[in-house]
Amino acid sequence: MLEITNLHATVGEREILKGLTLSVKAGEVHAIMGPNGAGKSTLAHVLAGREGYEVTKGSAHFEGRDLLDMEPHERAAAGLFLGFQYPVEIPGVSNLLFLRTAMNAQRKLRGEAEISGAEFMKKVKAESATLGLDMDMLKRGVNVGFSGGEKKRNEAFQLGMLEPKFALLDETDSGLDIDALRIVSEGINRFRSAERAVLLITHYQRLLDHVRPDVVHVLAKGRIVESGGPELALRLEAQGYEGLAA
Amino acid sequence: MSALPTRKDEAWRYSDMAAVAALWPPQPARLISVPAGEARADVLRVTEGGIHDLRVELGAGARLNLALLVQSASYARVALVAHLKAGASLDFGGVLLGAGAVVQEIVTDIRHDEPDAESRQRVRVVIDERAVGTYLGRIAVARDAQRTDAAQSARALVLKRTATANLKPELEIYADDVKCAHGCTVGELDKAGLFYLQSRGVPRPEAEALLTRAFVADAFAGLEDAAAREALEAETARWLEARA
Ligand SMILES: Nc1ncnc2c1ncn2[C@@H]1O[C@H](COP(=O)(O)OP(=O)(O)OP(=O)(O)O)[C@@H](O)[C@H]1O
Ligand SMILES: [Mg+2]
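In order, the protein sequences belong to chains A and B. Residue 43 in our numbering is what sits at position 43 of the first sequence, and the numbering runs on without skipping anything. Residue 181 in our numbering is what sits at position 181 of the second sequence, and the numbering runs on without skipping anything.
Given below as C-alpha cells:
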C-alpha cells in the first residue's frame, strides 16, 4: 500500500532522511520508534507533502501512485491521513467548519456528493462522544484552548470522521491520559481492517500493548536501521537505543 | 473650502495624491448622530473610489455599533471623526480589502470629550498584489474625560509581499484615569495552519480563503445584527473567490 524506497530528504540545507526504505501492506500495522531528532516527523511531513521538505532522491508510492507528485490535499483525498505530533491551532475557524470543509473537499476531488448537514452532525456526535470532546469544544476554533491531550484526542476524532485508508500517526499517544490512551487505541483497532493500514510513530510500549503491531522499525539518523516483530519494541524498552547498528 | 492636502500632512502621508487632487474638494461629511440614551447600528459598504468623510456624534449614554467594509477598485479613503459625550459607547469594526494596485485608507479620530465613554475599534486590512492598505487611528482623550475606556486593535494580513500595509496608532491623552489598550500587527497567513488544512484535504487557495475569512471576521464580531454580519462575511468571501 505504501512503498518508500531509498528516500532522501532535506529540510533547509540539512539532509534528514538518508536512504529510508519501508513497505507497508494493506491490513498491516507498523510502528516506528527511534531517538529524538532521528527524522520520524520529517518522514511524516514528507509523506504528507509539507512545504520546505525537499526530496532529493528515492521514491514514495501510495497504492501505486507517485505520492511525491501529488499536492498535499490530493494525498488526503487519496486516503492518506497524518496525525500531527503538534496539532495546529487555527483561531476563528471552528473545528466543525474545519472538518466539514475538509470532508467535502475530499469528496469533491473523489467525485462524490457532499455530506448533508444532518449526516455530518450525526457522525460528529457518534465519533466525538467516545473521545470526550463535547459540542462546546467543537464549536471553538480548531484546537484553540485545547490541552495537549485534548489536541491529540482531536486528531483521533478527525481520523474517525475522515475515514482514510492509511493512518500515519505521529506520537498521537503522547500526552494522552491513561483512559484516553485506551480510548484512542480502541479507535485505532476499530480502524484496522484488511483494506487499511496504520503507521504508528511512538516512543512508548504502552501504546503497542493496546495496538499490537505486525512490524516494529527503528529509525535512527534518517534510516530504518532495524525491523522486527513486537518483541523488538520490548527489547528497546529494556535496553534503549544505544548499541543499535547506526 | 479647505486647501488640497499634501504628503506632509501626517493624515495624508500614504495617500494616492494624484487621485486626491482629482477628487478634491470632497463631499461634505456624512453625519451619523445618535441622541442621548439611544442606540443605533450602521453598516457602511464602500465599493466606489472616493474620499468619504464621516462625522459621528454620540450624545450622553448613546451607543453606536458601526461596521465598515471597504473594497474599491480605485483610491478610497474613509475618514471618520467621532465625538463621544459622557458615558457614550462606540463599537467600530472596519475592514479593508485591496488587490491590484489600489490605495485604500481608513482614518479614524475618536474624541473622548467627556468622562466615562467607551470606544472599541477593530480594523482588519487584507492586501494582495501591489495594493496599499492604510489605517491611521487617533484617539484623543480630553482633560476631564476621566475613566475613558478606549481599545484599538489593528491587524494587517499581507497576502503577497509586494503589497504594503501602514498601521499607525496615535494617542493623545490629557486625562489621568484612562484605560487605553492598543495593538498593531502586520503578518502573513500562518503556514502551519495552511498545511494543517491542506493535509486534511483542503486545496491551497481554499485554505487561504478560509484563514483570511477568519482573520476578517474578527472585525465584525461586535456587530449584534447576525444577518448584517453574515452579509459582510459573504461579501468578503466573494472578494476572496474572485481573486482565487
Ligand atoms: N524546519 C527545520 N529546519 C531545520 N532543521 C529541522 C527542521 N525541522 C526538523 N529539523 C531537524 O531535523 C531533525 C529531525 O527532526 P524530526 O522532527 O523529524 O525528529 P523526530 O524523529 O520526529 O524526533 P522526536 O522524537 O523528538 O519527535 C532534527 O535534528 C531537527 O532539529
Ligand atoms: Mg517527531
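Just so you know, even glycine gets a beta-carbon here, dropped at the ideal spot from N, CA and C. Computed from a predicted structure; not experimentally measured.
Residues bridged to residue i (per DSSP)
i: residue 134(B); result: 105(B) and 166(B)
i: residue 41(B); result: 65(B)
i: residue 120(B); result: 91(B) and 151(B)
i: residue 9(B); result: DSSP, once it has assigned bridges, lists no residue as partnering residue 9(B).
i: residue 218(A); result: 33(A) and 226(A)
i: residue 23(A); result: 3(A)
i: residue 15(A); result: 10(A)
i: residue 112(B); result: 84(B) and 141(B)
i: residue 146(A); result: Residue 146(A) is not bridged to any residue.
i: residue 197(A); result: 166(A)
i: residue 57(B); result: 33(B) and 83(B)
i: residue 94(A); result: 141(A)
i: residue 127(B); result: 98(B) and 158(B)
i: residue 77(B); result: 51(B) and 105(B)
i: residue 70(B); result: 46(B) and 96(B)
Assigned exposure category for residue i - 16 Cβ within 10 Å defines buried
i: residue 238(A); result: exposed
i: residue 56(A); result: exposed
i: residue 158(A); result: buried
i: residue 177(A); result: exposed
i: residue 134(B); result: buried
i: residue 25(B); result: exposed
i: residue 85(B); result: buried
i: residue 195(A); result: exposed
i: residue 38(B); result: exposed
i: residue 14(B); result: buried
i: residue 67(B); result: buried
i: residue 174(B); result: exposed
i: residue 246(A); result: Note that residue 246(A) scores 48 on pLDDT, short of 50, meaning its location in the model is unreliable and no value can be drawn from it.
i: residue 42(A); result: buried
i: residue 104(B); result: buried
i: residue 162(A); result: buried
i: residue 136(A); result: exposed
i: residue 98(B); result: buried
i: residue 2(B); result: exposed
i: residue 240(A); result: exposed
i: residue 40(A); result: buried
i: residue 143(A); result: buried
i: residue 236(B); result: buried
Beta carbon of residue i nearer than 9 Å to that of residue j
i: residue 176(B); j: residue 198(B); result: no
i: residue 201(B); j: residue 102(A); result: yes
i: residue 45(A); j: residue 203(B); result: no
i: residue 149(B); j: residue 119(B); result: yes
i: residue 231(A); j: residue 217(A); result: no
i: residue 179(A); j: residue 204(A); result: no
i: residue 137(B); j: residue 167(B); result: yes
i: residue 50(B); j: residue 76(B); result: yes
i: residue 293(A); j: residue 211(B); result: Nothing can be reported for residue 293(A), as the shown portion of chain A is limited to 1 through 246.
i: residue 224(A); j: residue 20(A); result: yes
i: residue 78(B); j: residue 44(B); result: yes
i: residue 80(A); j: residue 67(A); result: yes
i: residue 164(A); j: residue 29(A); result: no
i: residue 8(A); j: residue 58(A); result: yes
i: residue 102(B); j: residue 73(B); result: yes
i: residue 95(A); j: residue 140(A); result: yes
i: residue 64(B); j: residue 70(B); result: no
i: residue 34(B); j: residue 54(B); result: no
i: residue 10(A); j: residue 60(A); result: no
i: residue 199(A); j: residue 24(A); result: yes
i: residue 124(B); j: residue 80(B); result: no
i: residue 112(A); j: residue 160(A); result: no
i: residue 152(A); j: residue 124(A); result: no
i: residue 18(A); j: residue 229(A); result: no
i: residue 127(B); j: residue 88(B); result: no
i: residue 229(B); j: residue 242(B); result: no
i: residue 202(A); j: residue 169(A); result: yes
i: residue 207(A); j: residue 181(A); result: yes
Legend entry - Every unbroken alpha helix (DSSP H) inside the segment 148-233 of chain B [4 residues or more]: If we require 4 residues or more, the alpha helix (DSSP H) runs fully inside the segment 148-233 of chain B come out as 191-199 and 204-220.
Legend entry - Continuous alpha helix (DSSP H) assignments of at least 4 residues falling wholly in the segment 36-89 of chain A: If we require 4 residues or more, the alpha helix (DSSP H) runs fully inside the segment 36-89 of chain A come out as 40-48 and 72-78.
Legend entry - Residues proximal to ligand 1 by C-beta, any heavy atom closer than 5 Å: The set of residues with CB atoms less than 5 Å from any heavy atom of ligand 1 reads, in chain order, 11(A), 12(A), 16(A), 36(A), 37(A), 38(A), 39(A), 40(A), 41(A) and 42(A).
Legend entry - In chain order, each alpha helix (DSSP H) run of at least 4 residues that lies wholly inside the segment 101-127 of chain A: The segment 101-127 of chain A contains no whole alpha helix (DSSP H) run of 4 or more residues.
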